[in-house]
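The structure appears below as C-alpha cells.
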Amino acid sequence: MNGGILEISLQGLLYAFLPALVVLFIMWRWEAGTGTAVYAMARMMVQLFAIGYVLIYIFDSDSYWVIAGVLTIMIVVASWIAVRPLGDAKRQSWPNSLLAVGFASVVILALVTQAVIGVEPWFSPRYVVPLGGMVVTGAMNSVSLAAERFQSETARDEPVPDARRSAFKTAMIPITNMLFAVGVVSLPGMMTGQILSGVSPLIAAKYQMIVMAMFFGTGGIAAAIYLELESRRAGGD
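0 is the number of the first residue of the sequence shown in numbering that gives the first Met the number 0; add one for each residue after it.
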C-alpha cells in the first residue's frame, strides 16, 4: 500500500468549496443567516491555515508547558463557544461550561493517552494535541446542546429535573447516532486519515474505537457535569 498522501492543488481546494457556495446561495435566498455562515467559513479557513503553521512548531516542541498551554487554550475557547447559543445568559453559565469541558477533557485524555495507548513521553504533541482536540470538541458540542435545551426547557417553566433529563438526552443524540453509523454509514476522520496514510485498516479501526468511546464518555460526562451545576444554580433538586 502506498504510504504517501496525495497533494491537494489550489484548484482542487477551490472545487471542494463548490457545495458550500450552493448552500450559501440558498441561505441568502431564504434569508437564513448568510452573514454568520460566511464569517464561519472564512474564520475556519484562517484558523486552519494558521494552525497548520503553528503545529509545525508544536510538534517539534519538547516542553510540556507548551502542550499544557495549547490544551488550556482549547478548553477555554471551547467552553465559551459551548454557551454561545445562550445569548445574554452565556456569561453566567460559562464558569460551569469551563468546569464541565475542562474536567471531562483532561480526565479522559489522560486515560486514553496513558492507560490505553501508553504515550511516551506523556506530553508527546503528535498524540496529545490531536486527541485533545477531539475530546475537547466532543465535550464542547455536548455541553452546547445541553445548555441550549436546558435553557429552553426552564424558560417554559419545566421542573428542573425534567429539564435536566431532556437536555441530557438531547446532548447524547449526535454521539449515539455516530455510534450507530460508524463503519456502516461513515468512515470517520481519524480512520480515514490513517488509511490514506498507509496504516492497516485493522489498526485504524482500533484507534477509531478509542475515539468513539472517547467521544461518548467525554460528551456524556461533560454534559452531566454542566447540567448538574446549572440545575443547582437554578434551584433544582
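Built from N, CA and C at the ideal position, the CB exists for glycine as well.
Query	Result
So what does Val-76 bridge to, in DSSP terms?	Answer by DSSP bridge pairing: none, since Val-76 is not bridged.
With 16 other CB atoms within 10 Å as the buried threshold, where does Ser-62 fall?	exposed
Please report the straight-line C-alpha distance between Met-133 and Phe-214, rounded to a whole angstrom.	8 Å
Quick one, which of Ala-138, Ser-123, Arg-164 has its alpha-carbon nearest Val-65's?	Ser-123
Tell me whether Glu-147 is buried or exposed, calling it buried when 16 or more other Cβ atoms sit within 10 Å of its Cβ.	buried
Could you compute how far the alpha carbon of Ala-221 sits from the alpha carbon of Gly-51?	28 Å
By how many angstroms is the C-alpha of Ala-138 removed from the C-alpha of Ile-209?	15 Å
Between the Cα of Leu-70 and those of Gly-131, Ile-116, Asp-87, Leu-226, spot the shortest distance and give me the residue it belongs to.	Gly-131
Does the segment 226–235 come close enough to the segment 91–111 to have 3 or more Cβ pairs within less than 8 Å?	yes
Give a yes or no on whether the C-beta atoms belonging to Met-26 and Ala-36 are separated by under 8 Å.	yes
I'd like the ranges of any alpha helix (DSSP H) spanning at least 4 consecutive residues and lying wholly in the segment 59–112.	63–81, 89–109
Looking at the secondary structure, which residues open and close the alpha helix (DSSP H) in which Phe-215 lies?	200–233
Relative to the alpha-carbon of Arg-164, which residue among Ala-223, Gly-11, Ala-49, Gly-197 has its alpha-carbon at the smallest distance?	Ala-223
One question on the structure: do Ala-145 and Glu-152 come within less than 8 Å of each other, judged by their Cβ atoms?	no
Among Asn-140, Val-127, Pro-160, whose alpha-carbon lies nearest the alpha-carbon of Ala-67?	Val-127
According to DSSP, simplified to helix, strand and coil, what is Val-127?	helix
Measuring alpha carbon to alpha carbon, tell me which residue in Ile-172, Pro-84, Glu-157 is nearest Ala-233.	Glu-157
To the nearest whole angstrom, what separates the beta carbons of Met-211 and Met-177, a pair I think is in contact under 8 Å?	7 Å
Among residues of its own chain, excluding the 5 on either side of Tyr-56, which ones have a beta-carbon nearer than 7 Å to its beta-carbon?	none
Leaving out the 5 sequence neighbours to the left and right, which residues in its chain are closer than 6 Å to Ala-103 when beta-carbon positions are compared?	Ala-138, Thr-217, Ile-220, Ala-221
Would you kindly report the start and end of the unbroken alpha helix (DSSP H) that includes Ile-25?	17–28
Should Ser-143 and Ala-81 be called a contact, given that it needs their Cβ atoms to be closer than 8 Å?	yes
Could you tell me which of Phe-149, Ser-8, Ser-199 sits nearest to Pro-84, measuring between CA atoms?	Phe-149
Once you ignore the five residues that flank Thr-136 on each side, which residues in its own chain have a CB closer than 8 Å to its CB?	Ala-77
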